[in-house]
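A quick write-up on the structure given underneath.
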C-alpha cells in the first residue's frame with residue numbers, strides 16, 4: 032500500500048511539474064495583440080450636409096466637419112453650437128490620469144537627480160501613461176531620458192513581489208544605466224546581484240535591436256530575471272512616447288529583454304542530483320565520514336557558491352504568477368521526490384543551512400547540549416502553526432513574508448544586516464539546543480515532513 036502511494040504521488044508530482052514547466056505560472060497577463068473593429072451598414076461613416084446624406088459623396092471623398100454648415104435642420108449628428116469638451120484630448124495631468132500623482136512626480140525627479148551629477152540639468156515631464164525625466168548635459172548638450180517602473184509595471188514579480196527599477200536611455204538608443212529603486216527582495220540577494228556585475232550588462236543593450244538577452248545571476252535567478260523583465264516592460268510602455276522623442280533614432284517598433292541562465296545551470300543541477308542520489312541509495316552504507324563530506328560539499332557549493340537553498344515558497348510560486356527557472360524547477364522536483372521516497376532526504380542530507388548546524392554539532396567544544404524546552408509534540412505544533420500563518424499571509428498578498436529564511440543572509444555574508452546577526456546566533460544556539468532552526472522554526476522542513484508523513488502513514 033505504501034509503495035502504491037509513493038508511485039501515485041510521484042506521478043502526480045511529475046505531471047504538475049511538467050505542466051508548470053511548459054505553461055508557466057497560473058496567472059498570466061493577457062496582452063492585446065491587435066484591435067479589430069467590425070463595421071455594419073449602421074456603423075459606417077456618412078457625409079451629412081444641409082440636404083441630408085449625400086450618397087454620391089460617399090463614393091468619392093469625405094469632407095471635414097469644418098466645411099459644413101454648423102446650423103442644420105436636424106438631418107445629422109452635427110450639433111447646433113460647437114462647444115469644446117474640456118475632458119477631451121491628450122492631456123496628462125492628475126485629474127485625467129490619477130496614476131500621475133504629485134508624490135510620484137517628486138520621487139521620479141529626486142531619483143533622476145540622484146542618478147545624474149551636478150553638471151546635468153534635470154526636469155520632469157508628464158506623458159499619457161507615466162512621468163519621465165530629461166537629463167541634459169550642460170557641456171555636451173546631450174539629453175538622456177529617465178524612466179521608472181513605480182506604479183507603471185505591476186504584473187512582473189520577483190521572489191517577493193514587484194521590483195521597481197529606474198532606467199536611463201541615451202540619444203543613441205543604448206541603455207546607459209539601470210538602478211534598483213525599491214522591492215521586498217532579500218537584501219543579500221540584491222547585494223550579490225549588484226556585486227556580480229549584473230547591471231553592467233544593460234549598457235550593451237540598444238532599444239533598436241529588437242529581442243535581446245543578458246545573463247541571469249544563478250544565485251538569485253528569480254530576482255535577476257524579474258529585473259530584466261521589468262526593464263523590458265518599462266521601455267515597451269514608453270514606446271513610442273516619450274522614448275522615441277528623445278532618442279536620435281528611427282521609430283522603435285519592437286523591443287524585448289530577458290535574463291537567461293547560462294548553461295552552467297546544468298552543472299549545478301548535476302551536482303545537486305548526485306547529492307540526492309547518494310542520500311537515497313541503499314546499496315552503499317553511509318559512514319559518518321561520508322555524511323560529513325556531503326555536509327561540507329552542501330555548505331560550500333549550494334550555500335556559499337550558489338546561495339540557492341530550496342524553500343517552501345518554491346511550491347507556491349506558480350500559483351502567485353511567478354515563473355521559476357529550470358534550475359529551481361528541477362531542484363524542486365528532486366526535493367519533492369526525496370520527501371516521497373526518502374523520508375525528507377533534502378532536510379536530512381542536502382540542505383546547507385541544516386548542514387551548517389550539523390557541522391557545528393560535530394565540532395562543538397562544549398559537548399553540553401540541553402534537553403529541548405518543548406516536547407516533540409509541541410515542537411511539531413509550533414512549527415506547523417508558523418508554516419500555516421506564513422503561507423496564509425503570502426497567499427493573501429504579504430509577499431515580503433517569503434523572506435522568512437535565514438540562509439540567504441548567512442551564506443551571502445551580509446555582515447551589516449540584522450538578519451545576518453540573527454542567522455549567526457541561530458546556528459550557534461544549536462550547540463546548546465541541537466538543530467533548533469530545523470526542528471522548531473523551519474517552514475520548509477514542516478512542509479516536507481508533512482508530505483513524508485502522509486506518504487508513510489500507517490493506520491493504527
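In our numbering, the protein residues as written are 32 to 491.
For every residue, glycine included, the Cβ atom is placed at its ideal position computed from N, Cα and C.
Being a predicted model, the structure only gives us computed values, none of them experimental.
Reduced DSSP secondary structure (H/G/I, E/B, other) of residue i
i, result
"residue 49", "helix"
"residue 242", "strand"
"residue 402", "coil"
"residue 118", "Low per-residue confidence applies at residue 118: pLDDT is 49, beneath 50, and the placement is therefore not dependable enough to give any value."
"residue 152", "strand"
"residue 137", "helix"
"residue 197", "strand"
"residue 147", "coil"
"residue 187", "coil"
"residue 420", "helix"
"residue 383", "helix"
"residue 448", "coil"
"residue 157", "strand"
"residue 354", "coil"
"residue 34", "helix"
"residue 297", "helix"
"residue 360", "helix"
"residue 369", "helix"
"residue 375", "coil"
"residue 220", "helix"
"residue 466", "coil"
"residue 429", "coil"
"residue 25", "Beyond the ends of the chain as shown, which are 32 and 491, falls residue 25; an answer cannot be given."
"residue 56", "coil"
"residue 489", "coil"
Nearest-angstrom Cα separation, counted from residue j out to residue i
i, j, result
"residue 337", "residue 249", "7 angstroms"
"residue 174", "residue 348", "41 angstroms"
"residue 200", "residue 213", "20 angstroms"
"residue 187", "residue 262", "10 angstroms"
"residue 215", "residue 431", "5 angstroms"
"residue 49", "residue 366", "15 angstroms"
"residue 425", "residue 158", "35 angstroms"
"residue 291", "residue 359", "13 angstroms"
"residue 182", "residue 357", "30 angstroms"
"residue 45", "residue 39", "10 angstroms"
"residue 207", "residue 252", "23 angstroms"
"residue 155", "residue 226", "30 angstroms"
"residue 162", "residue 141", "12 angstroms"
"residue 193", "residue 232", "21 angstroms"
"residue 41", "residue 423", "26 angstroms"
"residue 354", "residue 56", "6 angstroms"
"residue 330", "residue 387", "7 angstroms"
"residue 481", "residue 453", "27 angstroms"
"residue 149", "residue 368", "58 angstroms"
"residue 138", "residue 488", "56 angstroms"
"residue 147", "residue 299", "39 angstroms"
"residue 403", "residue 324", "28 angstroms"
DSSP beta-bridge partners of residue i
i, result
"residue 209", "198"
"residue 415", "Answer is none; residue 415 lacks a bridge partner."
"residue 214", "194"
"residue 237", "205"
Residue interval of the beta strand (DSSP E) (run including residue i)
i, result
"residue 164", "162-168"
"residue 176", "174-179"
"residue 287", "286-291"
Start-to-end residues for the alpha helix (DSSP H) that takes in residue i
i, result
"residue 257", "252-268"
"residue 325", "319-328"
"residue 475", "474-486"
"residue 333", "Element bounds for residue 333: n/a, residue is neither H nor E."
"residue 442", "438-442"
"residue 344", "344-347"
Neighbourhood of residue i by C-beta distance below 6 angstroms, restricted to the same chain and skipping five residues each side
i, result
"residue 219", "439, 440, 443, 445"
"residue 243", "236, 288"
"residue 246", "293"
"residue 285", "241"
"residue 167", "152, 174"
"residue 343", "474, 475, 478"
"residue 333", "383"
Close Cβ partners of residue i (< 7 angstroms) along its chain, the five nearest in sequence each way excluded
i, result
"residue 301", "none"
"residue 316", "none"
"residue 144", "153"
"residue 421", "432, 435, 474"
Beta-carbon proximity list for residue i, same chain, < 8 angstroms, skipping 5 on both sides
i, result
"residue 9", "Because the chain in this structure spans residues 32 to 491, residue 9 falls outside the shown range and cannot be described."
"residue 37", "371, 372, 486"
"residue 362", "300, 303, 339, 341, 345"
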